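Right, one structure below, let's go through it.
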Amino acid sequence: PLDRQQVWHSYRQNEYLLEKPHQLFGYEPSAQVWHSLEQDPENSCYTDLAITLQLANANGEASESELTRFTQLVLRLAEQFSRRFQFSDSFEQAQIRANQLNTLRQRFDVLLVLNIVPLQGVFQGNEIKRCAEYAGLQLGIDRVFDYPVDAPVFSMANLYNPGYFEVDRLDQLECRGLTLFLRVPVIVEPLQQFEVMIKKARTIADSIHGSLVDENSSPLSDRGTHLICQQLADLIAQMRKSGIEPGGGTAQRLF
Numbered sequence: 001p002l003d004r005q006q007v008w009h010s011y012r013q014n015e016y017l018l019e020k021p022h023q024l025f026g027y028e029p030s031a032q033v034w035h036s037l038e039q040d041p042e043n044s045c046y047t048d049l050a051i052t053l054q055l056a057n058a059n060g061e062a063s064e065s066e067l068t069r070f071t072q073l074v075l076r077l078a079e080q081f082s083r084r085f086q087f088s089d090s091f092e093q094a095q096i097r098a099n100q101l102n103t104l105r106q107r108f109d110v111l112l113v114l115n116i117v118p119l120q121g122v123f124q125g126n127e128i129k130r131c132a133e134y135a136g137l138q139l140g141i142d143r144v145f146d147y148p149v150d151a152p153v154f155s156m157a158n159l160y161n162p163g164y165f166e167v168d169r170l171d172q173l174e175c176r177g178l179t180l181f182l183r184v185p186v187i188v189e190p191l192q193q194f195e196v197m198i199k200k201a202r203t204i205a206d207s208i209h210g211s212l213v214d215e216n217s218s219p220l221s222d223r224g225t226h227l228i229c230q231q232l233a234d235l236i237a238q239m240r241k242s243g244i245e246p247g248g249g250t251a252q253r254l255f
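Numbering follows my numbering, in which position 237 of the sequence shown is assigned residue number 237; successive positions increment by one, without gaps.
Following this line, the structure appears as structure tokens:
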């Protein structure tokens, strides 16, 4: 059997070379399950090991050099503990899969944006706070207004630099525009949440005497929002067809 402490120590000496998320698992035969060594007790023992490397994430795909370092790590552990090894893919197949995953990530990593601009003059900071809170948004730790505050689905920021709001200087702020944004792939039921964002944006625009516009500063009509919703529904269908559920585990890891 393989001692958890010895394996984990050797793994930790080398795994820092990997940039992409990775995990080490050990097979416990009595329970017939794979355990994460990071979470297992120190006195655990295993008959087999499995090492995983995520091939793509928000920072892009695993590079050739990282795949090489991963291969070297597997070889080193196999030699040290006198174990045979088998890769789930060849090196070339892993490169192809990494590229395919990254292409999917780039295709589906969509940010939906709605802007609010003043009908006249500028927005005052205290008015922004009042109207945002009236619509149910709260200023969060990132210094943008979140909805809902405990588990943000979308946020509202300053349309212009610095982008965020200084909580202790709101009474001095003069703002030429607000932007609400929702990141599609990491949100559960993004279409429904976008419809909520539209309603909140209209509530804020009406109460602060602003105009709801798109990214091109064109007034956003009901027809315009309907078109965006249709395009979003198509995108969600394409994600699901590719095996990625918006807001699901795969999406959270990939995006």
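Cβ coordinates follow ideal geometry from the N, Cα and C atoms, glycine included.
Bear in mind that the values here come from a model prediction, so they are computed numbers and not experimental data.
Which ranges does the beta strand (DSSP E) cover as unbroken runs of at least 3 residues, wholly within the region 148-213, from first to last along the chain? If only complete runs of 3 or more residues are kept, the region 148-213 shows the beta strand (DSSP E) at 154-158, 178-183, 210-213, in order along the chain.
Taking the beta carbon of V117 as the centre, do at least 16 other beta carbons fall within 10 Å, making it buried, or is it exposed? V117 is buried by the Cβ-count criterion.
What distance in whole Å lies between the Cβ atoms of V167 and L137, which are believed to be in contact at a cut-off of 8 Å? About 14 Å separates the Cβ atoms of L137 and V167, ruling out a contact at the 8 Å cut-off.
For N115, count the other beta carbons within 10 Å of its own beta carbon; 16 or more makes it buried, fewer makes it exposed. Which is it? Residue environment analysis places N115 among the buried positions, since at least 16 neighbouring C-beta atoms fall within 10 angstroms of its C-beta.
Specify, as a first and last residue, the run of the beta strand (DSSP E) that T52 falls within. Counting along the chain, the beta strand (DSSP E) containing T52 begins and ends at 48-53.
Who are the near neighbours of D48 in its chain, counting only those whose CB is closer than 6 Å to its CB and skipping five residues on each side? Hits under 6 Å: Y27.
Buried versus exposed call for T179 [16 or more other C-beta atoms within 10 Å across all chains shown]: Around the CB of T179, 16 or more other CB atoms lie within 10 Å, so the residue is classed as buried.
For the beta strand (DSSP E) containing E28, list its first residue and its last residue. Run containing E28: 22-28, per the beta strand (DSSP E) assignment.
Tell me the rounded alpha-carbon separation between R105 and A251. CA-to-CA, the gap between R105 and A251 works out to about 9 Å.
Can the beta-carbon of L17 be found closer than 8 Å to that of R69? Yes, Cβ-Cβ distance for L17 and R69 is below 8 Å.
Short of 7 Å in beta carbon distance, which residues of its chain neighbour V213, apart from the five on each side in sequence? Order them along the chain. Hits under 7 Å: N115, V117, P219, L220.
Which residue from F181, V188, A157 puts its Cα closest to that of L173? When C-alpha distances from L173 are compared across F181, V188, A157, the shortest belongs to A157.
Spatial neighbours of E42 within its chain, please: CB distance less than 8 Å, with the 5 preceding and 5 following residues excluded, ordered by chain position. These residues qualify, in order along the chain: R4, Q5.
Using a 10 Å radius around the Cβ and a threshold of 16 neighbouring Cβ atoms, would you call P190 buried or exposed? With 16 or more Cβ atoms within 10 Å of its Cβ, P190 is classed as buried.
State the Cα-Cα distance for the pair A233 and L159, rounded to the nearest angstrom. Each residue's Cα considered, the two are about 26 Å apart.
Cβ neighbours of L24 in the same chain (closer than 6 Å, five flanking residues each side left out): So the list reads Y11, L37, I51, once near-sequence residues are dropped.
So for Q124, helix, strand or coil by DSSP? Looking at Q124 - three-state DSSP - the assignment turns out to be strand.
Separation of Q80 from S44, as counted between CA atoms: Taking the straight line joining both Cα atoms gives about 18 Å.
Just verifying my parser: in three-state terms, what is the DSSP assignment at V7? Residue state, collapsed to three classes: helix.
Where does V261 sit, in a helix, a strand or coil, going by DSSP? No answer is possible for residue 261: the residues shown for the chain start at 1 and end at 255.
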